[in-house]
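Visitor: The opening position of the sequence shown corresponds to residue 1 in our numbering, with each subsequent residue numbered one higher.
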Amino acid sequence: MQLHAVGSKAQTPSDAERQVRADLAAAYRLVAYYGMDDSIYTHISARVPGTEGQFLINPFGMLFKDITASSLVKIDLDGRILDDSPWDVNPAGFTIHSAVHAARHDAACVLHTHTVAGVAVSSLAGGLQPCNQWALQFYNRVVYHDFEGIALDADERERLVADLGPTARALILRNHGLVTLGRTVSEAFILMLNLERACRVQVAIASSGQPIYPVPPEVCEKTARQYESGDSVRQPGQPDSNAREWRALLQRIDPLPATSFRD
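1. So is Y227 buried or exposed if we call it buried at 16+ other beta carbons inside 10 Å?
2. Just verifying my parser: in three-state terms, what is the DSSP assignment at I172?
3. Are any of the Cβ atoms in chain D nearer than 7 Å to that of P211?
4. Output yes or no for whether 7 Å exceeds the beta carbon distance between I44 and L111.
5. Less than 6 Å between C-beta atoms, sequence neighbours within five positions excluded: which residues of the same chain meet that for E148?
6. For the alpha helix (DSSP H) that contains G61, what are its first and last residues?
7. Tell me the DSSP secondary structure of Q210 in three-state form.
8. The alpha helix (DSSP H) with T95 in it runs from where to where?
9. Name the DSSP bridge partner or partners of W184?
10. Rounding to the nearest angstrom, what Cα-Cα distance links T113 and S260 in this structure?
11. Classify S45 as helix, strand or coil using the three-state DSSP reduction.
12. Do the stretch 65-79 and the stretch 18-29 touch if we need at least three Cβ pairs shorter than 8 Å?
13. Does the structure place the stretch 186-202 close enough to the stretch 120-136 that three or more beta carbon pairs sit under 8 Å?
14. Is C199 helix, strand or coil when you go by DSSP?
15. By Cβ distance, which residues of its chain are closer than 7 Å to Y144, with the 5 residues on each side in sequence left out?
16. According to DSSP, what are the bridge partners of R244?
17. Bridge partners for I190 per DSSP, in chain order?
18. Distance, Cα to Cα, M1 vs N90?
19. Considering only the beta carbon of each residue, do V161 and A103 sit closer than 7 Å?
20. Got a sec? Which residues, its chain only, sit under 8 Å from H101 by beta carbon, not counting five neighbours each side?
21. According to DSSP, simplified to helix, strand and coil, what is Q54?
22. Give me whichever residues DSSP pairs with K74 in a beta bridge.
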């Protein structure tokens, strides 16, 4: 699909959009901080609050570490760039993200990576294994989509959405990489951070040449449900179980005034 600007003057963002822009820019910088970026490739998108079919995504060609709230590009499901950004959008990114945003209205944010560990696990016949605590978050909750080449064909969107299904929050693109979906930007990022760690541990175990010590299926399911409940990290009166960790993660890229451990 050809992506194109509509040529209209950008409107002033709402307060809700400004917050999403700030969160999304932070997610890009955190992906870079944790070494999950791939030069100018891969992408994170967030739905524009209060709109139908509009989302924000990275300007194609800008490093993740440099992305700001104002540099994000607003685009719709038809590939029209809706603001006056001088940047265009990665066509493969549009294919993946437009497909998910069109089909999954519960997904406020979609995050895609090409890390070494993620691509390695995506290339294994057995995929992600329940071999560590991070992996158990995704026990029987991760789905797969077969590799069809670089995601430039619009007709792949239908098959990708069919494989994703109505509820999955983690998708492994075979021989390609990882995708997470979140009800918020923070949820999508923290899911990806945990999925990436699960893959890194699995690759490290494989390199040892030793067998995996198995976790009983009932414990795998129990652990996945514990992650879903968020009860181990949710603050009293706070419905978002990711809020505590997200605030801490933001200090990685926007640190508080320096203090000594002796203070």
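Yeah, the Cβ is synthetic: ideal placement off N, Cα and C, and Gly gets one too.
Guide: The answer reads as follows:
1. Per the 10 Å Cβ criterion, buried.
2. DSSP places I172 in strand when its eight states are reduced to three.
3. The chain labelled as chain D is not found in the depicted structure, where only one protein chain is given.
4. Yes, Cβ-Cβ distance for I44 and L111 is below 7 Å.
5. Cβ neighbours of E148 beyond the five flanking positions: E156.
6. Unbroken run through G61: none, as it is neither H nor E.
7. In the three-state reduction of the DSSP assignment, Q210 falls in the coil class, being assigned neither a helical nor a strand state.
8. That run of the alpha helix (DSSP H) goes P91 to A103.
9. The question names Trp, but residue 184 in the sequence shown is Thr. None, per the DSSP bridge assignment.
10. The straight-line gap from Cα to Cα measures roughly 35 Å.
11. Correct three-state label for S45: strand.
12. In short, these stretches touch, since the Cβ pair count reaches three.
13. Because the criterion of three Cβ pairs below 8 Å is met, the stretch 120-136 and the stretch 186-202 touch.
14. In the structure shown, C199 sits in a helix (DSSP, three-state: H, G or I).
15. The answer, listed in chain order, is G127, D163, I172 and R174.
16. Beta-bridge pairing by DSSP links R244 to no other residue.
17. In DSSP, I190 forms no bridge with anything.
18. Residue confidence for M1 is low, a pLDDT of 47 falling below 50, so the modelled location carries little weight; the figure read from the coordinates is stated next. Computed Cα separation, rounded: 11 Å.
19. Cβ distance < 7 Å, so V161 and A103 count as in contact.
20. For H101, where only same-chain residues beyond five positions count, the Cβ hits under 8 Å are S45, R47, G53, F55, L77, A107 and V110.
21. Strand, per DSSP.
22. Partner(s): L56.
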